[in-house]
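Asker: Residue numbers (this note's numbering): 276 to 520.
Here it is, written out as structure tokens:
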């Protein structure tokens with residue numbers, strides 16, 4: 276059993292294309308063209324081309340590429356903002372924070388051609404954004420799943436609530452959890468492959484693997500292959516084993 280996984284993208288379209296190229300090279304070396312590629316969410320915000328990332332992934336999946344794209348917490352926020360605009364309502368209270376420098380929503384706005392001068396006009400921003408985002412992009416965001424599972428792994432954006440079966444997990448934890456999951460060393464039944472919490476290098480902790488290496492902050496975007504329980508980071512030179520301490 277083999278799966279590929281790509282960490283948090285955050286609007287870095289060229290880095291995403293390069294990650295897919297490394298996967299294509301690994302497929303060519305090993306003769307496997309059907310193993311799925313799971314994108315761990317956070318397609319948008321901070322980087323320069325969130326619109327391009329959504330366009331690339333949505334068109335690829337529509338054309339039959341073996342790709343799976345999960346919902347991240349930034350994608351959830353963006354989807355909520357779009358819903359507000361379509362309904363011609365005010366943006367939710369957290370929208371100001373989303374458009375601030377920490378969350379990076381202003382870069383997502385810019386990728387769709389919207390450059391607000393005054394955040395106080397956020398209701399107009401919601402309307403303008405709903406008009407600027409193609410229906411196919413909105414539909415793609417609405418359909419993103421919260422997790423993907425295989426026989427040996429669970430792929431999810433942020434992590435799991437320890438001790439709860441997968442069927443009892445709530446979206447809030449799957450998209451946002453940190454400390455309770457990151458600090459828990461118990462076996463989750465299957466290896467959890469996640470992003471959400473940026474680290475300097477890909478990290479294998481035995482019960483989980485973190486592939487968010489900070490592409491949203493200008494650091495590399497990590498692509499990995501998980502095969503028969505082993506994890507390898509894909510580099511320009513090929514596979515590099517990622518092992519637990």
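A virtual CB, placed ideally from N, CA and C, is assigned to each residue, including glycine.
So, with DSSP's three-state summary, where would you put residue 296?
Answerer: helix
Asker: Strictly by DSSP, which residues pair up with residue 428?
Answerer: According to DSSP, residue 428 bridges with 466.
Asker: According to the neighbour-count rule (16 or more other Cβ atoms, all chains shown, within 10 Å of its Cβ), is residue 503 buried or exposed?
Answerer: exposed
Asker: Determine which residues share a DSSP beta bridge with residue 593 and list them.
Answerer: This structure cannot settle anything about residue 593, because the visible part of the chain is limited to 276 through 520.
Asker: The beta strand (DSSP E) that contains residue 279, what's its start and end?
Answerer: 277–281
Asker: Evaluate residue 477 with the Cβ neighbour count: other Cβ atoms within 10 Å of its Cβ, from every protein chain shown; 16 or more gives buried, anything less gives exposed.
Answerer: Its Cβ being crowded by 16 or more others within 10 Å, residue 477 is buried.
Asker: Tell me, to the nearest whole angstrom, how far the beta carbon of residue 471 is from that of residue 283; I am working on the premise that it is less than 8 angstroms.
Answerer: In this structure residue 471 touches residue 283 by the C-beta definition: roughly 7 angstroms separates them, less than 8 angstroms.
Asker: Who are the Cβ neighbours of residue 425 in its own chain at under 7 angstroms, not counting the five residues just before and after it?
Answerer: 276, 278
Asker: Please state whether DSSP places residue 492 in a helix, a strand or coil.
Answerer: helix
Asker: Are the region 309–318 and the region 339–358 touching, with three or more C-beta to C-beta distances below 8 angstroms?
Answerer: yes
Asker: Rounded to the nearest angstrom, what separates residue 339 and residue 482 at their Cα positions?
Answerer: 32 angstroms
Asker: Comparing the CB of residue 498 with every heavy atom of the ligand GDP, is any distance shorter than 6 angstroms?
Answerer: In terms of ligand content, the structure shown is empty, and the ligand GDP therefore cannot be addressed.
Asker: What are the boundary residues of the alpha helix (DSSP H) that includes residue 414?
Answerer: Start and end: 410–417.
Asker: What does the Cβ neighbour count give for residue 485, buried or exposed, with the cut at 16 atoms within 10 Å?
Answerer: Burial call: buried.
Asker: Taking only runs of the alpha helix (DSSP H) that begin and end inside the region 310–359, which ones reach a length of at least 4 residues, in chain order?
Answerer: 325–337
Asker: Where does residue 513 land, buried or exposed, given buried means 16+ other C-beta within 10 angstroms?
Answerer: Exposed is the call here.
Asker: I'd like to know if the region 323–334 and the region 454–466 are in contact, where contact means that at least 3 CB-CB pairs between them fall below 8 angstroms.
Answerer: No: the two stretches stay apart, fewer than three of their Cβ pairs being nearer than 8 angstroms.
Asker: Looking at residue 322: is its Cβ nearer than 7 angstroms to the Cβ of residue 351?
Answerer: no
Asker: Can you name, in chain order, every residue of its own chain whose Cβ lies under 8 angstroms from the Cβ of residue 318, other than the five neighbours on each side?
Answerer: 284, 285, 286, 325, 328, 329, 332, 344, 347, 349, 350
Asker: Determine the contact status of residue 439 and residue 421, defining contact as a CB-CB distance below 7 angstroms.
Answerer: No, these two residues do not count as a Cβ contact at 7 angstroms.
Asker: So, is residue 281 buried or exposed, given that buried needs 16 or more other C-beta atoms within 10 angstroms?
Answerer: Buried.
Asker: How long is the line joining the alpha carbons of residue 390 and residue 374, rounded to whole angstroms?
Answerer: 11 angstroms
Asker: Can you say whether residue 434 is buried or exposed, counting buried as having 16 or more other CB atoms within 10 angstroms of its CB?
Answerer: buried
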